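Structure first, then comments.
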Amino acid sequence: MSRLTVSWSCIVIASVLAACDRRAVPQRDTATDDFGDTIVVAAAPARIVSLNPTTTELLYAIGAGARLVGRTSYDIIPAAVTAVPDLGPGLRPNVEAVLSARPDLVILYASEDNRDAARRLRAAHVPTVAYKVDRIADFARVTLAIGRMTGDTAAARITVDTVGRTLASTLARTAALPHPRVFWFLWESPLLAVGGGSFLSEMLKVAGARNVYDSLPEPSPSVTFEDLVRRDPDIILASAATRARMLTDARWRTLRAVRERRVLVFDTTIVNGPSARVGASAVALAALLHPGAFAP
Amino acid sequence: MTTARWCLLALTLAAAVVAGIMVGTLPLSPNVVLRGLLGTAAPMDIAVVRELRLPRVLLAALVGAGLGAAGAALQGATRNVLAEPYLLGVSGGAAMGAVIAVALGARAPLVPLAGFAGALGAVALTLLVARAAGGRGDARIVLMAGVVVGAFANAAIMVALAGADASVVRGALWWMMGSAADASWVSVRSLALYVAVGIAILLLLARAIDVLALGEETAAGMGVDVARVALGVYVAGALLAAGTVAAAGLVGFVGLLVPHLVRMTGARTHRSIISGAALAGATLVVMADLLARIAHPPAELPLGAITALLGVPFFLARLRRLA
Chain A
1 MSRLTVSWSC
11 IVIASVLAAC
21 DRRAVPQRDT
31 ATDDFGDTIV
41 VAAAPARIVS
51 LNPTTTELLY
61 AIGAGARLVG
71 RTSYDIIPAA
81 VTAVPDLGPG
91 LRPNVEAVLS
101 ARPDLVILYA
111 SEDNRDAARR
121 LRAAHVPTVA
131 YKVDRIADFA
141 RVTLAIGRMT
151 GDTAAARITV
161 DTVGRTLAST
171 LARTAALPHP
181 RVFWFLWESP
191 LLAVGGGSFL
201 SEMLKVAGAR
211 NVYDSLPEPS
221 PSVTFEDLVR
231 RDPDIILASA
241 ATRARMLTDA
251 RWRTLRAVRE
261 RRVLVFDTTI
271 VNGPSARVGA
281 SAVALAALLH
291 PGAFAP
Chain B
1001 MTTARWCLLA
1011 LTLAAAVVAG
1021 IMVGTLPLSP
1031 NVVLRGLLGT
1041 AAPMDIAVVR
1051 ELRLPRVLLA
1061 ALVGAGLGAA
1071 GAALQGATRN
1081 VLAEPYLLGV
1091 SGGAAMGAVI
1101 AVALGARAPL
1111 VPLAGFAGAL
1121 GAVALTLLVA
1131 RAAGGRGDAR
1141 IVLMAGVVVG
1151 AFANAAIMVA
1161 LAGADASVVR
1171 GALWWMMGSA
1181 ADASWVSVRS
1191 LALYVAVGIA
1201 ILLLLARAID
1211 VLALGEETAA
1221 GMGVDVARVA
1231 LGVYVAGALL
1241 AAGTVAAAGL
1251 VGFVGLLVPH
1261 LVRMTGARTH
1271 RSIISGAALA
1281 GATLVVMADL
1291 LARIAHPPAE
1301 LPLGAITALL
1311 GVPFFLARLR
1321 RLA
């Protein structure tokens, strides 16, 4: 737990140091993305396509949302994004559809199945970067990198610092509270849980809880029902509809947490990825898990 | 087949290729497309025409040519009008080899080789099963064996993907649905080699297939080495299936549909049926790929699903007539 506090302090200090040599006007700049590719980005790109809901949300957070000219079909946050043209899927995107937005910067999710799209977009002379935004540390790193590219360095730093401070203070306030063991439900068939590889597992730590599947390295591992019964979680997190189904379902009622009605409803739209709302979400989660002891 | 009909086939293919290059998600005027081809348009438009559309259309044409020719030859050699790479388990075997290679982390050049091994394995298995049942000449037994081998290949793919990374699973699924979206000049060149060699072998065997179509005993009586010709057709069919699966995934029913259409135009010898099926197959897949690109923008429809939607009603109608 203290490791998180230390890493956030490091990010804040690094940000302050970096702010000292801030340039007033963004230059043509190079960036190295999570595919390990170095690309030249135009000074202050004016037509940005973001094909990852998390980076889309990030762009709005740092004030670059108005320059967005394309998004995926899955981008719904913030509400303003629905007015931006829908360019289809974010994994294996339709390259021609992306080019039809005439972008001067494309931000992809750094999944292996997007390598080909990145290569094709660059061949069409469109600066393209790919970032993995899976963990809370990725949020700070990618926000700063994208802020530098779009010329919104100061806003990116403020966003990262604010979220960092919120997470650090939440962690400090929940540290002394008892940590319930939580199963975070993602999907029914197959049964998918939030695993240790997900930022949601990190968020649970910050909010003063332990994920029963924290030891699994995948972000959303498939688990068996019997294994879940064996792990006997204290609390289950699920959507409102799933909660209603669990409470009346004989199979789910084999779980102690369901029988004792300790199935809590949490906004599942956060599942997209660790974006600027990750701080506020951690606070809301802490308040949900520790009613009375933790008031936001 | 008359010269006029050959010209019609060639012109239809040319029209399909032109449409494939002209039309896409990004609206480009014919003038811009032309300047893109010549390299005098804006860099992004040149890239769209030269790097996205042109290789894609050519790849689709090669896939169609390969599958059409393979279907025509397999139908002739097995004297089974329902034979085609997909139904004989050859495509399934190729997909099994390729997906297992990808799941094991194999690099690009090894994947078609693994596909080829899988395709040959599937052909061998299908024929062994059919022969054990005493039915190499029996259309129904060969088909049934092919379908079962295809189902086995499918199951093997599922097992290979069970523990695989999510991006590998997405990639494999994409592949099994068939798509020309990943076309590049590298894949066009390598598929061109497979298709050229495969079709050349089939054309060399065309006369023998004509004789084989009269019946194995008749052919043997006329001095044709039946086993060798059949082996040649299966190997060439496996080569074509492996090449197309590696380049564009599973694109089914083209090999079934196209030879019938060509025979309906009056082609009788296998030299003209195979050549005609290559041309018509290319046209069909280029058109199907165009439909896949523009039917539901910005998402793309799976190419294999479109060819199956066209092929299945045809297959059912043929079955009904045979019954």
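Residue numbers (the working numbering), protein chains in the order written: chain A, 1 to 296; chain B, 1001 to 1323. For glycine and all other residues, C-beta sits at the position ideal for the given N, C-alpha and C. The model shown is predicted, which means the values in this text are computed figures rather than measured ones.
9 angstroms is my cut-off, CB to CB: does residue i come that close to chain A?
i, result
"B/A1228", "The sequence given here has Arg at residue 1228 of chain B, not Ala. Chain A contact via Cβ: absent."
"B/L1301", "no"
"B/D1289", "no"
"B/V1032", "no"
Which of the three DSSP states is assigned to residue i in this structure?
i, result
"B/G1066", "helix"
"B/A1187", "Note on residue identity: the sequence assigns Ser, not Ala, to residue 1187 of chain B. Correct three-state label for B/S1187: helix."
"A/I48", "strand"
"B/D1210", "helix"
"A/Y131", "strand"
"B/T1269", "coil"
"A/T150", "helix"
"A/G65", "helix"
"A/R120", "helix"
"A/S222", "strand"
"B/R1050", "helix"
"A/D267", "coil"
"B/T1078", "coil"
"B/A1155", "helix"
"B/A1060", "helix"
Buried or exposed: where does residue i fall if 16 or more other Cβ atoms within 10 Å of its Cβ makes it buried?
i, result
"A/R92", "buried"
"B/W1185", "exposed"
"A/E260", "exposed"
"B/A1142", "Ala is not the amino acid found at residue 1142 of chain B; the sequence shown has Val there. Buried, since its Cβ has 16 or more Cβ neighbours within 10 Å."
"B/G1266", "exposed"
"B/N1080", "buried"
"A/F225", "exposed"
"A/A176", "exposed"
"B/E1217", "exposed"
"A/W187", "exposed"
"A/M149", "buried"
"B/M1158", "exposed"
Among the residues of its own chain, which have a CB less than 7 angstroms from the CB of residue i, if the five just before and after it don't count?
i, result
"A/V212", "R181, V182, F183, R231 and P233"
"B/A1192", "L1062"
"A/R71", "S50, T56, V81, V84, D86 and L87"
"B/R1263", "I1273"
"B/L1239", "F1116, Y1194, V1197 and G1198"
"A/V263", "I236, A238, R243, M246, L247 and A257"
"A/L288", "L264 and F266"
"B/V1211", "A1219, M1222 and V1224"
"B/G1154", "The question names Gly, but residue 1154 of chain B is Asn in the sequence shown. Here the set comprises G1092."
With 9 angstroms set as the bound, which would you pick, yes or no: does the beta-carbon of residue i sit closer than that to a beta-carbon of chain B?
i, result
"A/L192", "no"
"A/P89", "yes"
"A/V129", "no"
"A/V95", "yes"
"A/H290", "no"
"A/S73", "yes"
"A/S111", "yes"
"A/S100", "yes"
"A/A124", "yes"
"A/D86", "yes"
"A/R47", "no"
"A/D134", "no"
"A/D116", "yes"
"A/R259", "no"
"A/R92", "yes"
"A/R148", "no"
Where does the unbroken alpha helix (DSSP H) through residue i begin, and where does it stop?
i, result
"B/W1006", "T1003 to M1022"
"B/W1174", "A1166 to M1176"
"A/L186", "Element bounds for A/L186: not the alpha helix (DSSP H) but the beta strand (DSSP E), R181 to W187."
Ignore the nearest five residues each way along the sequence and tell me which others in residue i's own chain have a CB closer than 6 angstroms to its CB.
i, result
"A/T38", "T30 and T32"
"A/T299", "Because chain A spans 1 through 296 in this model, residue 299 of chain A falls outside it and cannot be assessed."
"A/G279", "V163, T166 and L167"
"A/A209", "H179, P180, V182 and L289"
"B/V1032", "A1041 and D1045"
Ignore the nearest five residues each way along the sequence and tell me which others in residue i's own chain have a CB closer than 8 angstroms to its CB.
i, result
"A/A101", "R47, V49, V69, G70, P85 and L87"
Between which two residues does the beta strand (DSSP E) containing residue i stretch?
i, result
"A/D29", "D29 to T32"
"A/Y74", "Taken as a continuous stretch (DSSP letters only), A/Y74 belongs to no beta strand (DSSP E), as it is neither H nor E."
"A/L105", "L105 to Y109"
"A/L216", "No beta strand (DSSP E) contains A/L216, which DSSP labels as neither H nor E."
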